[in-house]
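Peer 1:
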Amino acid sequence: MSLHLSALKPILLSILFCLITHCVKAQEVIDNLKLQYESKNISDSERLILAGKYITALYSNKQEEKAKQIFNENLKIALLQKDSKYAANLYAINAMNNRISDRLKESEASFTKAQEFANKSNDLEIKGYINYCKGWLQTRDNKEGEAVRSFLTAINFYDQAPPSNTLNARKSTVYKELTTIYANWNELQLQEKYSSLALELAIKQNDPLAIFDAYMLMGYMYENSYVADDSNIKMRNDAEKYYLLAIDTYNKNKKNIPFPSHLSFVAINLANLYLSYFPDSYNDKALYYAELAKKQGLASQQYTHIASAYGIMAEIALKNNDPKLAKEHLLQALLEISKSGFTNQNIILSIYESLSEIAESENKLDEAIQFHKAYMDTFKSIHNQEQIELGRRLEAQFDKERQRQQLITMQLEADKKEQQINLMNSISLQQKQEFENLKLHEENQSKKLELSQLESEKRTQELKLSRLETQSRAQDILNYKNEINYKEKISKYYISLILVFSLVVILLLYAYKQRSKTLKQNKELYNFTLDKERQNTKISTLTAMLDGQEKERGRIARDLHDGLGGLLSSTKINLSQLTDQVSLPFKDDLQKSLEQIDLAVEELRRVAHNLMPDLLNRYGLQEALKDYAVRMSNEQLQIDVQFLHCQNDLDKDKQLLIYRIIQELVNNAIKHASPNQILIQIVEEDTSYNITVEDDGEGFDITKVKGNNSTGLYNIQSRIDFLKGDFKVFSEEGVGTSVEIIFPKNDIK
1 MSLHLSALKP ILLSILFCLI THCVKAQEVI DNLKLQYESK NISDSERLIL
51 AGKYITALYS NKQEEKAKQI FNENLKIALL QKDSKYAANL YAINAMNNRI
101 SDRLKESEAS FTKAQEFANK SNDLEIKGYI NYCKGWLQTR DNKEGEAVRS
151 FLTAINFYDQ APPSNTLNAR KSTVYKELTT IYANWNELQL QEKYSSLALE
201 LAIKQNDPLA IFDAYMLMGY MYENSYVADD SNIKMRNDAE KYYLLAIDTY
251 NKNKKNIPFP SHLSFVAINL ANLYLSYFPD SYNDKALYYA ELAKKQGLAS
301 QQYTHIASAY GIMAEIALKN NDPKLAKEHL LQALLEISKS GFTNQNIILS
351 IYESLSEIAE SENKLDEAIQ FHKAYMDTFK SIHNQEQIEL GRRLEAQFDK
401 ERQRQQLITM QLEADKKEQQ INLMNSISLQ QKQEFENLKL HEENQSKKLE
451 LSQLESEKRT QELKLSRLET QSRAQDILNY KNEINYKEKI SKYYISLILV
501 FSLVVILLLY AYKQRSKTLK QNKELYNFTL DKERQNTKIS TLTAMLDGQE
551 KERGRIARDL HDGLGGLLSS TKINLSQLTD QVSLPFKDDL QKSLEQIDLA
601 VEELRRVAHN LMPDLLNRYG LQEALKDYAV RMSNEQLQID VQFLHCQNDL
651 DKDKQLLIYR IIQELVNNAI KHASPNQILI QIVEEDTSYN ITVEDDGEGF
701 DITKVKGNNS TGLYNIQSRI DFLKGDFKVF SEEGVGTSVE IIFPKNDIK
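Numbering (the UniProt record's numbering), first residue to last: 1 to 749.
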């Protein structure tokens, strides 16, 4: 027997998220809303917002006539407002209230009006609310997929809307609806997302009722998660935690949560959690909260809650091997459920099944058959009712679609006529405005004429008065004239003195400024001449040093080539003549010696070329560098030389400097970076040359070598200074190194 599982769970969401039944006893809330509503002036727009809440509360408390009266009164006022959002809000509330009362046509008509007025408004919050209303209606029409799209559209509008007193509450309502749908779909992840959002928003609002609902959402969500995966004990414990937080929130805010049924409902959920998913040692807690639910249910006359509490108590009695007490609880549950205005047949079905099982276990077969028969009758009633309801829904859906098509056609015709009427009204208003403008213009001209006459009379009087004043002042002028002439002479004298003094001061300042300027220019000219002389001295020194280096290189190259080269060649010739005279065991060793001499001659030639390349003097820089690249390349290293737009018009000294710079950079790369490829690129621009040497070697950290004045870098920097150029080094460990050199074509840097 599982009354609380088979019957309580199907109604859980409807009780949790559709708290309309709670409002039946909420007369205190209605009185409070009425007081707020009547305290606002009729012209106050806030009164229209409160009217919507008041109407909903009246509908929920079965005071539909009063609700209709308030709706009609405020709708007239809302239609006169400049912003159509107030009318849209009232129509949306009316659509949902009519849907609750199963007045489908009236609900659809009101929602259509709500959409029409919302489209005319620029208010994003009302657009979101209308989409929420649309989703709410779709949910009640079993179109949960479409409802989700509507709710997500509503959230999108709410996120873009500016803050207001109602925004967070409306957004929280959407989160609860989405939680309900995703719970029905067993989408635990999405259910958790929107439950958490609802809780976060409720805490932000600091609304006890919203916080209570959010805790209930979280508790139910974690309970469902545990049912889906009963190995995750944390989910079960979190469900317990949030149910207890909901109870604590209710106890601390009883005045702000005027629905005793809230406490009975969460107590049922918690008792069911302890009984179904906790060890038997928690049965006492389950019984405690079942008793609490029964007590609160009696206080709020929520007979469904009372019946559910008795069902949990009956199962605890069966676990304690007390079928007699269980039967008493079940009969009491059956009695309480019959008092409910809305009888849940599923609960009755579960009670009859449990009573039949108890009677059968007690061998009371007649009683068991009697309860089983009642069970079957109830089952048939539910089944027939579901079939009738299904047929009614299909028929209503067909009629609704047909009426919707007719309504669309009529709406198009009505829109067309309305546009024509609006056009005629606009023309009429325009003509009326023009007529009023003409009348205003005529009145304006008349007023202007009267005003001009008054101004004319005033000017005449002012003219007479001015004549009298003129005669009076004429004498004063004569009296002051001599005094003024005297003062003018004195003033001219003082002004002349001031001008002379000022002129002298200006001349002195100008002379001082010119002298300072001349001294400054002389000093700058001296510094410039001194810098130029230092630069020329440095260049002369560098020139002498580089000339000396090159001459010394040339001498060493000639000595090596002529002296050591000739010696090696004669040695090779002598050894070659001995080849035929030496016996076979020594012949191979002699041949190896000859090969080593060849290698030594080749190495000597390479060293001599490096010291003083003959190709540079004969054929220029391009051929010398290409020959150098070929000589330095091998199986592990490839050196590529590129000349772009080069006319080969550099003088021999600069070509030699460039050759030495590139030679030093390539040698450094081979020595320190172990590259596989080196690229040498020389580009001639309009006013300068650009040399780039790149390798794909090991690279280095530039910051670590700054300030390292090695001989190679010093030689490179000296030659670049001689060329009046600059160079930059870019390197990254594991990637390679790139050196860029720029120097002008002429000698001016």
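Here a beta-carbon is modelled for each residue, glycine too, at the ideal position from N, C-alpha and C.
(1) Could you check where the alpha helix (DSSP H) with N690 kicks off and where it finishes?
(2) How big is the Cα-Cα spacing for L657 and L621?
(3) To the nearest whole angstrom, what separates the beta carbons of S356 and H372, a pair I think is in contact under 8 Å?
(4) Apply the 10 Å Cβ neighbour rule to H262 and answer buried if 16 or more other Cβ atoms are within range, or exposed otherwise.
(5) Can the beta-carbon of K308 be found less than 8 Å from the beta-carbon of I268?
(6) Identify whether D31 lies in helix, strand or coil by the three-state DSSP scheme.
(7) With C-beta atoms as the reference, is A290 less than 8 Å away from A317?
(8) Which one or two residues does DSSP pair with T737 in a beta bridge?
(9) Do L58 and A78 have their C-beta atoms within less than 8 Å of each other?
(10) With distances taken Cα to Cα, identify the nearest neighbour of D213 among S452, E187, Y242, K105.
(11) What is the DSSP secondary structure of E635, reduced to helix, strand or coil?
(12) Decide if T21 is buried, meaning its Cβ has at least 16 other Cβ atoms within 10 Å, or exposed.
(13) Could you give the distance in angstroms between the alpha-carbon of C23 and the alpha-carbon of S300?
(14) Helix, strand or coil for Q461 per DSSP?
(15) If you follow the beta strand (DSSP E) that I678 is in, where does it begin and where does it stop?
(16) What are the boundary residues of the alpha helix (DSSP H) that includes residue 754?
(17) Does the stretch 673-684 come close enough to the stretch 715-725 that 3 or more CB-CB pairs lie under 8 Å?
(18) Does the separation of the CB atoms of Y303 and E353 fall below 8 Å?
(19) Output needed for S688: all residues of its chain with C-beta closer than 7 Å, excluding positions within five of it in sequence on either side, in chain order.
(20) Mapping DSSP to helix, strand and coil, what is I742?
(21) List the DSSP bridge partners of D531.
(22) Considering only C-alpha positions, which residue in the set S196, E106, N485, Y86 is nearest to Y220?
(23) Under the rule that 16 or more other beta-carbon atoms within 10 Å means buried, what is Q461, buried or exposed?
(24) Pick helix, strand or coil for F643, following the three-state DSSP scheme.
(25) Mind checking P675: buried by the 16 CB within 10 Å criterion, or exposed?
(26) Applying the criterion that 16 or more other CB atoms from any shown protein chain within 10 Å of the CB defines a buried residue, is L117 buried or exposed?
(27) I'd like to confirm the pairing. Which residues does DSSP put opposite D726 in its beta bridges?
(28) In the structure shown, what three-state DSSP assignment does K520 receive?
(29) Hey, quick one: how far does the alpha helix (DSSP H) through L656 stretch, first residue to last?
(30) Residues in the same chain with beta-carbon distance under 8 Å from A183, minus the five sequence neighbours each way, listed in chain order, please.
(31) In the DSSP assignment, find the alpha helix (DSSP H) that holds I42 and state where it starts and stops.
(32) For D640 and E664, I'd like the C-alpha separation in whole angstroms.
(33) Would you grab the beta carbon distance between H305 and A314 for me? Rounded to a whole angstrom, and I think it's under 8 Å.
(34) In angstroms, rounded to a whole number, what distance separates the CA positions of L201 and A169?
(35) Among K68, A95, S164, which one has its Cα closest to the Cα of E46?
(36) Taking 8 Å as the limit between beta carbons, can you name the residues of its chain near T179, skipping five residues before and five after?
Peer 2: If we stick to the structure as given:
(1) Where N690 is concerned, there is no enclosing alpha helix (DSSP H), although the beta strand (DSSP E) it sits in stretches over 688-695.
(2) 10 Å
(3) 4 Å
(4) buried
(5) As written in the sequence, residue 308 is Ser, which differs from the Lys given in the question. A contact, by the Cβ cut-off of 8 Å.
(6) helix
(7) no
(8) D695, S731
(9) no
(10) Y242
(11) coil
(12) Only weak support is given to the placement of T21: the predicted model assigns it a pLDDT of 37, under 50, and the value that follows is read from those uncertain coordinates. Flag for T21 reads buried.
(13) Unreliable positioning characterises C23 in this predicted model, as indicated by a pLDDT of 37, which lies under 50. The coordinate reading is nonetheless provided below. Near 10 Å, if we compare the C-alpha coordinates of S300 and C23.
(14) helix
(15) 677-684
(16) As shown, the chain starts at 1 and ends at 749. That puts residue 754 outside it, with no answer to give.
(17) no
(18) no
(19) I742, F743, P744, K745
(20) strand
(21) According to DSSP, which records beta bridges pairwise, D531 is partnered with nothing at all.
(22) S196
(23) exposed
(24) strand
(25) buried
(26) It is worth fixing the name first, because residue 117 is Phe in this sequence and not Leu. The residue in question, F117, is buried, as its Cβ has 16 or more Cβ neighbours within 10 Å.
(27) I742
(28) helix
(29) 652-672
(30) L13, Q191, Y220, M221, N224
(31) Segment: none, I42 is in no alpha helix (DSSP H) and carries neither H nor E.
(32) 16 Å
(33) At roughly 15 Å, the Cβ-Cβ gap does not stay under 8 Å, so H305 and A314 are not in contact.
(34) 8 Å
(35) S164
(36) F17, Q191, Y194, S195, A198, L217, M221
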